[in-house]
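For reference, each letter of the sequence shown is one residue, going 1 to 160 in the working numbering.
The structure appears right after this line, and notes come after that.
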Amino acid sequence: MTELSPSARRVQEALRALNLNTEVVELPGSTRTAQDAAATLGCGVAQIAKSLVFRSAGGEAVITLLSGAHRASEARLSALLGEGVSKADARFVREQTGFAVGGVPPFGHIRPLTTFLDDALLSFPEVFAAGGTPHAVVRLTPDDLRRLPGVRIVTVREET
1 MTELSPSARR VQEALRALNL NTEVVELPGS TRTAQDAAAT LGCGVAQIAK SLVFRSAGGE
61 AVITLLSGAH RASEARLSAL LGEGVSKADA RFVREQTGFA VGGVPPFGHI RPLTTFLDDA
121 LLSFPEVFAA GGTPHAVVRL TPDDLRRLPG VRIVTVREET
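The structure is reproduced here in structure tokens:
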């Protein structure tokens, strides 16, 4: 097995700390976007668990985990938080999570974050989430997702 990059290794260590029995895999293709990840992995875009970071009106980082086939509803997210939100810029994402946009995993951040998991992700037997870099992924089951620290399972996707 090849040596993981430092960011992917941090995610692997977080998996161990959470007692999740899965591995971070670094791939030659890009996984920066849900479409890139699905093409690289050979799965449907809906099976990609994208991590989107928002900034609350109070300046706090909030992470949403949702299917690559869905968009996050800022209105629903604002209602859940009781304050407005906006999409975070790349600098804020790195400062709050310790990871660059395109590689933000659903856990293992440099500080605890408010985390919302869209319930549609639980309908898949497995999903693939970012593993710390734009080339790393981790396979997660619904049970794994439910065990993430502080996760709140809600509907945060826009209805189509």
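Glycine included, C-beta positions come from ideal geometry on N, C-alpha and C.
The structure presented is a predicted model; accordingly, all values stated were derived computationally and were not measured.
Closest by CA to residue i, which one among the options?
i: V53; options: K87, G108, V127 and A17; result: K87
i: A57; options: E3, G42, P134 and L80; result: L80
i: E60; options: V154, T97, G44 and A136; result: T97
i: V101; options: A90, G108, R111 and I110; result: A90
i: L121; options: E83, G82 and R157; result: R157
i: L27; options: L4, G68 and R10; result: L4
i: T115; options: V104, A37, G68 and P125; result: V104
i: D143; options: G108, V25, P6 and D119; result: D119
i: L66; options: Q12, T33, G108 and S7; result: T33
i: A14; options: F124, E83, A39 and I110; result: I110
i: V138; options: L41, G68, V25 and R10; result: V25
Could you check what DSSP says for residue i in three-state terms: helix, strand or coil?
i: S5; result: coil
i: E126; result: coil
i: V45; result: helix
i: S78; result: helix
i: F166; result: The structure shown does not extend to residue 166, since the chain is modelled only from 1 to 160, so the question has no answer here.
i: L145; result: helix
i: A57; result: coil
i: F107; result: coil
i: V154; result: strand
i: D89; result: coil
i: T33; result: coil
i: A17; result: helix
i: R71; result: coil
i: T160; result: coil
i: T40; result: helix
i: L121; result: helix
Kindly indicate if chain B contains any beta-carbon less than 8 Å away from that of residue i.
i: R91; result: No chain B is part of this structure, which consists of one protein chain only.
So residue i packs on residue j, CB below 8 Å; how close in whole Å?
i: P134; j: T64; result: With a Cβ gap of about 19 Å, P134 and T64 do not count as contacting.
Item to complete: Report yes or no: do three or more beta-carbon pairs, one from the segment 125-135 and one from the segment 75-90, lie closer than 8 Å?
Response: The segment 125-135 makes no contact with the segment 75-90; the number of CB pairs closer than 8 Å stays below 3.
Worksheet item: Per the contact definition of three or more C-beta pairs closer than 8 Å, is the segment 1-20 in contact with the segment 43-57?
Response: Between the segment 43-57 and the segment 1-20 there are fewer than three C-beta pairs closer than 8 Å, too few to call the two in contact.
Worksheet item: Does the segment 90-104 come close enough to the segment 147-159 to have 3 or more Cβ pairs within less than 8 Å?
Response: In short, these stretches do not touch, since the Cβ pair count stays below three.
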